[in-house]
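If you read the sequence shown in the working numbering, its first letter stands for residue 149, the second for the next number, and so on.
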Amino acid sequence: MAEKIILFLLVGGRGRSEIEQAVDGAHRAAARDLLELLLRTELVDQAVVATDDPAWGDTLADLPVKVELDRPDEPFHFGRRLARLIERYGAQRVLYSGGASAPLLSFERWAEMLIRLGEAERLVVTNNIHSCDWLGFTSAAEMLPLIAQEASDNALAWIMAHEKGLPVESLPASAATRFDLDTPLDLLIAQRHPDIGPHLRRFLDGLGWESPQLEGVLAEMEREGGNLAVVGRVSAVAWAELERATHCWVRVFAEERGMRASGRQERGEARSLLADYLELVGVESFFAELAELTNGVLFDNRVILAARGLWPSALDRFNSDLYRWDKIKEPFL
């Protein structure tokens, strides 16, 4: 029988605006779905939820979980917070996840991964070694110094594998293993997916958000001989899946995958040929030419922003995702 594991689920807030609270609420709903699913596997010995929201923590009273509130007088640091929790609970086999890191992953996939983690002597298993959203690992006490230094979860699996020599198993790339809820656009996409959990489903249906732009892209994807462009941090797997699932002609402009996990963005090293071209011809000419090439675009604007040395507030980025131009403060965006 697999040795059981301690789950650490970190669920924090984003801000006070309506749109940020909507993303935050989706995180909490997805976290509740994930907690219920993982507890059903009976492979999690203890579930610990760390949050900065006491009211939401109270809503978990009907579940066998321990709620740890973030200290309001201490700036949040991801690595130090997770390391302290692991040390406090004496965990050796750990499953870490953010609240909205795996809204599509099935019960069967979680159970398979947890059994593997419970049986292994030394292992890290994750959804993506290059930029992980969740991971399970053994030898947790040995990993504490590495964990404590990390400001985010993105590079955890990589450093455990390459600095501590843990064997790593990265699940095959798919929507189920890679999709998470980071932005309002993710929420709009998740609402259209049949495999999200019941709490997330109710929350998203209650938002009442509409996106004619997304509907237009989906219609183009369904059209025989449609013409689609995908711009930004595009994976080879996503491109291949588009080719498999649609009958579209697809143009892909892929740049700067892993810019956050690798530290290139933080160091100001992100580069983009499209950003350079936009600077050369201007915004209006850039998008006019793009419109001549394709009927629909999935555009990850974070690459161009990073290449220009810009990182607008989450509120500005989120309003951009929802085409709420009148609410954006950053002039370029």
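Glycine included, each C-beta is placed from N, C-alpha and C at the ideal position. What you are looking at is a predicted structure, and each value in this text was computed from that prediction instead of being measured.
Quick one: residues in its chain with C-beta nearer than 6 angstroms to the C-beta of residue i, no 5 flanking neighbours on either side, listed in chain order?
i: residue 412; result: 418
i: residue 469; result: 331, 332, 333
Who are the near neighbours of residue i in its chain, counting only those whose CB is closer than 7 angstroms to its CB and skipping five residues on each side?
i: residue 173; result: 351
i: residue 204; result: 176
i: residue 406; result: 278, 279
Taking its Cβ as the centre, do 16 or more other Cβ atoms sit within 10 Å of residue i, making it buried, or is it exposed?
i: residue 255; result: exposed
i: residue 236; result: exposed
i: residue 223; result: exposed
i: residue 206; result: exposed
i: residue 251; result: buried
i: residue 301; result: buried
i: residue 480; result: exposed
What whole-angstrom Cβ distance do residue i and residue j have, given they're in contact under 8 angstroms?
i: residue 178; j: residue 247; result: 6 angstroms
i: residue 181; j: residue 345; result: 3 angstroms
i: residue 462; j: residue 161; result: 11 angstroms between Cβ atoms; not a contact.
i: residue 289; j: residue 240; result: 7 angstroms
CB-CB under 8 angstroms to residue i, same chain, minus the five flanking residues each way: which ones, in chain order?
i: residue 335; result: 170, 171, 174, 329, 352, 355, 357
i: residue 192; result: 152, 153, 154, 155, 186, 243, 262
i: residue 376; result: 365, 368, 369, 390, 394, 396, 397, 398, 399, 442, 443, 444, 445, 446
Can you tell me which of the options puts its alpha carbon nearest to the alpha carbon of residue i?
i: residue 272; options: 253, 244, 252, 259; result: 244
i: residue 359; options: 467, 193, 230, 203; result: 467
i: residue 416; options: 430, 400, 410, 457; result: 457
i: residue 442; options: 452, 396, 423, 407; result: 396
i: residue 261; options: 153, 410, 473; result: 153
i: residue 298; options: 230, 341, 326, 185; result: 230
i: residue 249; options: 265, 410, 392, 274; result: 274
i: residue 382; options: 446, 364, 374; result: 446
i: residue 282; options: 292, 293, 305; result: 305
Worksheet entry | Residue ranges of each alpha helix (DSSP H) within the region 308-354, 4 or longer | 323-326, 332-339
Worksheet entry | 3-residue-minimum beta strand (DSSP E) runs that sit fully inside the region 387-413, ordered along the chain | 397-402
Item to complete: Write down every uninterrupted run of the beta strand (DSSP E) in the region 175-213 whose length is 3 residues or greater and which is fully enclosed by it, in chain order.
Response: Runs of the beta strand (DSSP E) inside the region 175-213: 192-199.
Worksheet item: Taking the runs of the beta strand (DSSP E) that are 3 residues or longer, which of them lie wholly in the region 207-257?
Response: 213-217, 242-246
Item to complete: Go through the region 404-463 residue by residue and report every complete run of the beta strand (DSSP E) that reaches 3 residues or more, in order.
Response: 444-447
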